[in-house]
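Worksheet: one structure, shown below.
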Amino acid sequence: MKPPLLLLHGAVGASRQLKTIAEKLSETYEVHLLDFPGHGGKKLPEEPFSIKFFADTVLTYIHEHQLQQPAIFGYSMGGYVAMYLARFHPGLTGRIITLGTKFYWDEAIAAREIKMLNAEGIAEKVPAFAAILKDLHAPADWKQVVQRTADMLVEMGKDNPLKPDDYKEIKTPCTILLGDRDKMVTFEETISTYKLLPEARMGVLPGTPHPVEQVEPSLLTYLLEH
Numbered sequence: 048m049k050p051p052l053l054l055l056h057g058a059v060g061a062s063r064q065l066k067t068i069a070e071k072l073s074e075t076y077e078v079h080l081l082d083f084p085g086h087g088g089k090k091l092p093e094e095p096f097s098i099k100f101f102a103d104t105v106l107t108y109i110h111e112h113q114l115q116q117p118a119i120f121g122y123s124m125g126g127y128v129a130m131y132l133a134r135f136h137p138g139l140t141g142r143i144i145t146l147g148t149k150f151y152w153d154e155a156i157a158a159r160e161i162k163m164l165n166a167e168g169i170a171e172k173v174p175a176f177a178a179i180l181k182d183l184h185a186p187a188d189w190k191q192v193v194q195r196t197a198d199m200l201v202e203m204g205k206d207n208p209l210k211p212d213d214y215k216e217i218k219t220p221c222t223i224l225l226g227d228r229d230k231m232v233t234f235e236e237t238i239s240t241y242k243l244l245p246e247a248r249m250g251v252l253p254g255t256p257h258p259v260e261q262v263e264p265s266l267l268t269y270l271l272e273h
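In our numbering, the protein residues as written are 48 to 273.
Take a look at the structure:
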């Protein structure tokens, strides 16, 4: 029987962005793809977006599918959700692998990031990206997905859900990955978090920017399998 592996997408993303990776990993793992509420065509929830809310969604999925300590790969926000689960539900998961996850948030960082999450600005200045978001999240309103994500980042800036001391308590084996051309996540915050984790490895993907669509699938799957 293949070990279970759960793939978690990033903010304003969807599970189908990880399908190529999932297909490559399916020979080794029983791969599960999950869309967070409001994403990938799922109905927008009444509850505001938050890391805890998304973590609870993953928790429910694990229990409903009776997954025994699944490994979790989380891209960007998905990696943060995975870390949150490892911290507050110890023993629930197997190893955690993150890619391009921004671990450090404060009000200044949140303010900078939400400038890129203005739905009207995206529609006007980057219509191709707006079309992608519309297709990813239909029939849900992609503009609401963007706005709710921005609201979540504001709250994270005020009170980061995971503090430095929280990472010290995560005993789950973790692999922290970062692309060498990632312009959203710094080496400094990644290395700092890596050093706080009791059981961790760190890797840098060469020639790799932040967008998961631009990650070399073969390289990533090799790191996930070893």
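A virtual CB, placed ideally from N, CA and C, is assigned to each residue, including glycine.
- Only residues of its own chain outside the window of five on either side were considered, and among them Gln-64 have a CB closer than 8 Å to the CB of Glu-260, listed in chain order.
- The Cβ neighbour count for Ser-73, taken over all protein chains shown within 10 Å, is under 16; the residue is labelled exposed.
- Looking at the backbone, the Cα of His-273 and that of Met-231 are separated by about 26 Å.
- Beta-bridge partners assigned by DSSP to Arg-248: Thr-222.
- The Cβ atoms of Thr-196 and Leu-164 sit closer than 8 Å to each other.
- Scanning the segment 168-245 for uninterrupted beta strand (DSSP E) segments of 3 residues or longer gives 221-226, listed from N- to C-terminal end.
- According to DSSP, residue pairing for Gly-121 in a beta bridge involves Leu-55 and Thr-145.
- Distance between Gly-204 and Thr-107, taken at the CA atoms: about 27 Å.
- DSSP places Glu-74 in the coil class of the three-state scheme, outside both helix and strand.
- Apart from the 5 residues on each side of it in sequence, Thr-240 sits with its Cβ closer than 7 Å to the Cβ of Phe-150, Tyr-214 and Ile-223 in its chain, given in chain order.
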